[in-house]
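**Student:**
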Amino acid sequence: MPTRAFSFSPVASPRLSVPCSVVFRKILIANRGEIALRVLRACRELGIRTVAVFSDADRGAPHVLEADEAWRLGPAPATESYLRGDRILELAQQTGADAIHPGYGFLSENADFAHACEQAGVKFIGPPSSAMRMLGSKTNARQAADAAGMPRTPGCVTGLASPEEALDVAAAVGYPVMLKAAAGGGGKGMRAVFSPDDLPSAFAAASSEAERAFGSGEVYLEKLIERPRHIEIQVLADEHGHCVSLGERECSVQRRHQKVIEEAPSAVVGENLRRRMGEAAVRLAKSAGYTNAGTIEFLVDDEQKFYFLEMNTRLQVEHPVTELVTGHDLVHLQIRIAAGEPLPFSQDDVRLRGHAIECRVYAEDPANGFMPSPGRITRLLQPGGPGIREDCGIYEGWVVPMDYDPMLSKLVAFAPTREMAIARMLRALDEYVIGGIRTNLGLFRRILRDPDFCAARIDTGYLDRLLAEHPIPQVEKEDGAVPIPAIAAAALFEASKPTNGHALNGNGAHGSVWKTAARGEAVGWKSHRG
Amino acid sequence: MKLQVEIQGQTREVEIEPGEAPGQWAIRVDGEVVEADAHMVRPGVLSLLIGGQSHRLVLDPHAEEPALLLGPQRIAYGVEDPRSLKARRRHGGGEGPATLKASMPGRVVRVLVEWGAQIEAHQGVVVIEAMKMQNELKSPKAGKVVELKVSAGDTVSAGDVLAIIA
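From first to last, the protein sequence lines are chains R and E.
The opening position of the first sequence corresponds to residue 1 in the working numbering, with each subsequent residue numbered one higher.
The opening position of the second sequence corresponds to residue 1001 in the working numbering, with each subsequent residue numbered one higher.
1. Does LEU381(R) have its Cβ less than 9 Å from a Cβ in chain E?
2. Since GLU250(R) and GLU262(R) should fall inside the 8 Å C-beta cutoff, what is the C-beta to C-beta distance between them, to a whole number of angstroms?
3. Rounding to the nearest angstrom, what Cα-Cα distance links LEU1048(E) and PRO1061(E) in this structure?
4. Please tell me whether ILE458(R) and SER137(R) are closer than 9 Å, where the distance is taken between their beta carbons.
5. For chain R, is any of its Cβ atoms less than 9 Å away from the one on VAL1108(E)?
6. Beta-carbon of LYS1101(E) versus every beta-carbon of chain C: anything under 9 Å?
7. So what does TRP534(R) bridge to, in DSSP terms?
8. Sort THR1099(E), ARG1110(E) and SER1139(E) by Cα distance to THR1155(E) and report the nearest one.
9. Alpha carbon to alpha carbon, how far is ARG1042(E) from ALA1021(E)? Give it in angstroms, no decimals.
10. Could one say the Cβ of GLY340(R) lies closer than 9 Å to chain E's Cβ atoms, at least one of them?
11. Indicate the three-state DSSP secondary structure (helix, strand or coil) for ILE447(R) in the structure shown.
12. Identify which residue in ALA78(R), LEU107(R) and VAL331(R) has its Cα closest to the Cα of ASN292(R).
13. Check whether the stretch 1064–1077 of chain E touches the stretch 427–445 of chain R, taking contact to mean three or more Cβ pairs, one atom from each stretch, closer than 8 Å.
14. In its own chain, which residues sit with a C-beta less than 6 Å from the C-beta of HIS240(R), not counting the 5 before and 5 after it?
15. Go ahead and label VAL1161(E) buried or exposed: buried means 16 or more other beta carbons lie within 10 angstroms of its beta carbon, across all protein chains shown.
16. Determine the burial state of LEU324(R): buried for a count of at least 16 other Cβ atoms within 10 Å of its Cβ, exposed for fewer.
17. What's the C-alpha gap between ASP56(R) and SER81(R)?
18. By the three-class DSSP mapping on this structure, what secondary structure does ARG90(R) have?
19. Is ARG59(R) helix, strand or coil by DSSP?
20. Do the stretch 37–51 of chain R and the stretch 61–81 of chain R make contact, defined as three or more Cβ pairs closer than 8 Å?
21. Would you report the Cα separation of ALA1087(E) and ALA468(R), rounded to the nearest angstrom?
22. Kindly list, in the order they appear in chain E, the residues whose Cβ is closer than 7 Å to that of VAL433(R).
23. Report the rounded CA-to-CA distance for THR326(R) versus ARG351(R), giving the unit in angstroms.
24. Once you ignore the five residues that flank GLY247(R) on each side, which residues in its own chain have a CB closer than 8 Å to its CB?
25. Using CA coordinates, which residue listed in SER1151(E), GLY1106(E), GLU1129(E) and GLY1124(E) is at the minimum distance from PRO1140(E)?
26. Can you list, in chain order, the residues of its chain whose CB lies under 8 Å from that of TRP398(R), leaving out five sequence neighbours each side?
27. Note down, in chain order, each residue of its chain lying with its Cβ closer than 6 Å to the Cβ of ALA92(R), except the 5 sequence neighbours on either side.
28. May I ask you to list the residues that DSSP assigns as paired with VAL300(R)?
29. Determine, for SER1084(E), whether the minimum Cβ-Cβ distance to residues of chain R falls below 9 Å.
30. Rounded to the nearest angstrom, how far is the Cβ of ILE447(R) from that of ALA367(R), given a contact under 8 Å?
31. What's the gap between the Cα of LYS1149(E) and the Cα of PRO1105(E)?
32. Among PRO386(R), ILE388(R), PRO406(R) and GLY385(R), which one has its Cα closest to the Cα of ILE394(R)?
33. Would VAL177(R) and ALA161(R) be called neighbours here (beta carbons separated by less than 9 Å)?
34. Report the option in ALA1067(E), VAL1014(E) and VAL1033(E) whose CA atom is closest to the CA atom of ILE437(R).
35. Comparing the C-beta of TRP1025(E) with each C-beta of chain R, is any distance below 9 Å?
36. Only counting the same chain, and skipping five residues up and downstream in sequence, which positions put a Cβ closer than 6 Å to that of PHE24(R)?
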């Protein structure tokens, strides 16, 4: 299919009218948290009934409360609940679900599970298990990239048999090199190696870490690209041979190989580079027989050369930024594609408009080594207003379980320009209050005000350098002047305690703050948020 | 009404008097009187208008570090015993035994020291896993492990004592 350069257009993308002919009546959502809610909302919008599944830790979780049906999977640990593909498939059949949406994480990239769904006649909303197998292993994916004529980092395309072989490959591509787990993800089983002396021990460490994390110790080696940007291309492929790319996402702001802030478009990708990356991504997807939503990740060096990194065969966490700049709902499209509909638009129809930034809000304490901070959310004031989207899976009173990923929500700002999107995000962050647990909201304020971030001078090492140069203080400054409003508020909160409030009532002037609070509750502060 | 508030590690004397109209308060801090219009928007969320300036203060009853949130600022508030704050700050100093507590709920993955071992300051003592992340808790001081209260596989809550180093 011919592709044409994207162009930035001030007008909305032409949306073709699509008849609502989705054949699914009921979808089981095999996930939790914000993504389960995200998928559930899409189903509702398409008139499809929803089945939620939950572990014991999630009985009160939003996805359970919002779904049409909800069924218990098992105890809190993921291995006994959200990773129990057999039980999930059984539930899909019992409840009469036509399809399963796996979200991201958990079973979303498990080819065996996708295969089991295919065998059982329950549609897996994602690629066929064959494509997942081909692209799920990083070494296989590198072979596929070669076959599709896609640039990749120099290095091997099969697993390394021994440290000696690793030394040979490293000598051929030149140091520094990166050891990676073939089955890897999330930064596990990865080691940067700067000299041959360090290679054997790094090989052993990466291999055993990979074995522990993924059940496969296979590692391969590639040349380390210095100060790269992480830029990825979203693709959508239907089951009739059509495949389009929906532009890029810049995900260079990372900590320990985990994305922290994502944006679309990238400040450094022009039309020409976008077209070339998009075409390469579509070639790979087509050659692998890929269908549904997928993401091809690239490293881009300072000369704007791009190298294939890996393919994620699922919906990404950061998909909302693409939705905002393209105007397409990726989850709707995933469901339609899985139902056998053709893509309702062609590459020529894809237009990017405006700029979107996403912050991944985590229950963690940046001042304390980013330690996870599970617990009860005692206070929640959420931002809103123009251009703000929050995909979240929490509410006031919800206890964030310690058993899963600490992501609380994804805060997304959309505006005509990058500068305005940053200002909008900062405004939303100031409105956002999450009490009872520690979060990384303060970290985002710092990054979004950093001159290098504002000038888009970022690469995958950017955040680590920022944190090394300006560590977040462990103890908040205790000697500085306390703002008067804080002292006044402390006194009024103190006075509003029932014991003190009682004493206040005695003077007859007027009711205590406590009473005011009670009144506020009675007249329905709940409607305040609406 | 005179009140003592613990704020940012200091004890402050504050006097508050209700004014004529509901929600009006005269607040005396360090000899200065501030006229404030206070409105409890919902429990724990207070709107203060001082000289027309609008401030939103949120009470965060965090288990270990309760605080007032004022815009992006987090201000420690309501520490029950002011001495405990000072004691916490002294921890690294080496005086007296140090207690290593779990800073979050989780599962003990590994115990890195043995009972009775002599260890260095900042040496790892226990590895706790929560939310798919492993975190090594380090000794606040050099000394001897006089108590070791957990072993691998245990589930701990925030604030649980893991070890005592003397």
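Idealized CB from N, CA, C, for every residue including glycine.
**Tutor:** The relevant details are as follows:
1. yes
2. 7 Å
3. 19 Å
4. no
5. no
6. Among the chains of the structure shown, chain C does not appear; the protein chains present are R and E.
7. Any property of residue 534(R) remains undetermined from this structure, which presents chain R solely from 1 to 530.
8. ARG1110(E)
9. 20 Å
10. no
11. helix
12. VAL331(R)
13. yes
14. PRO342
15. exposed
16. buried
17. 9 Å
18. For the record, residue 90(R) in the displayed sequence is Glu; it is not Arg. Reduced to three states, the DSSP call for GLU90(R) is helix.
19. coil
20. yes
21. Note that ALA1087(E) has pLDDT 42, beneath the 50 cutoff, so the model's placement of it is unreliable and no number is given.
22. VAL1058 and LEU1069
23. 6 Å
24. PHE6, ILE233, GLN234, ALA264, PRO265, ARG274, GLY278, THR322, VAL325, THR326, VAL350 and LEU352
25. GLY1124(E)
26. GLY60, ALA61, PRO62, ARG376 and ILE377
27. LEU28, ILE100 and VAL122
28. ARG229(R) and PHE306(R)
29. Residue placement at SER1084(E) is flagged as unreliable, the pLDDT there being 44, under the threshold of 50; the coordinate-derived value follows with that caveat. Chain R contact via Cβ: absent.
30. The Cβ separation is near 15 Å, so there is no contact.
31. 15 Å
32. PRO406(R)
33. no
34. ALA1067(E)
35. yes
36. ILE48, ASP98, ALA99 and ALA339
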